[in-house]
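*Asks:* Structure below; questions to follow.
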Amino acid sequence: MPDENVIERVIGVIAKTQHMPPAAIDIDKSFLELQFDSLDGMNILFAVETEFGISIPDEQVPQITSVRQMVEGIQKLLAEKTAS
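The numbering used here numbers the first residue of the sequence shown as 112 and each following residue consecutively.
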């Protein structure tokens, strides 16, 4: 189950990057449904990496197609970072 703090931070980053209200971002919608293109996706990715102090591996990027997948991926990376 996604951590509420991570969800809020990811939504906050997306809202800031895309200049939209956080309430307009549904965690279960795909980036396509939110009308984000590939450039938007890269801007969000870089902003999220900066916010959380992580690096999302290039091979995982194409698999991240929704806000929920991004949140879950970040949680895994944060858990790995804490464990090491």
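Yeah, the Cβ is synthetic: ideal placement off N, Cα and C, and Gly gets one too. This structure is a prediction, so every number in the text was calculated from the model and none was measured.
Using 8 Å as the limit for Cβ to Cβ distance, is I155 near chain D?
*Replies:* Here chain D cannot be found, since the structure has a single protein chain.
*Asks:* Compare the C-alpha of V121 against each of K192, Q146 and G164 and name the closest.
*Replies:* For the residues K192, Q146 and G164, the minimum Cα distance to V121 belongs to G164.
*Asks:* Use the C-beta contact count for V107: other C-beta atoms within 10 angstroms, 16 or more gives buried, fewer gives exposed.
*Replies:* No answer is possible for residue 107: the residues shown for the chain start at 112 and end at 195.
*Asks:* I'd like to confirm the pairing. Which residues does DSSP put opposite S141 in its beta bridges?
*Replies:* For S141, which the question treats as bridged, DSSP gives the partners S177.
*Asks:* Given a cut-off of 8 Å on the beta-carbon distance, is the pair A126 and I136 in contact?
*Replies:* Their beta carbons are under 8 Å apart, which means A126 touches I136 by this criterion.
*Asks:* Rounded to whole angstroms, what is the Cα-Cα separation between P68 and E144?
*Replies:* This structure cannot speak to residue 68, because the chain is shown only from 112 to 195.
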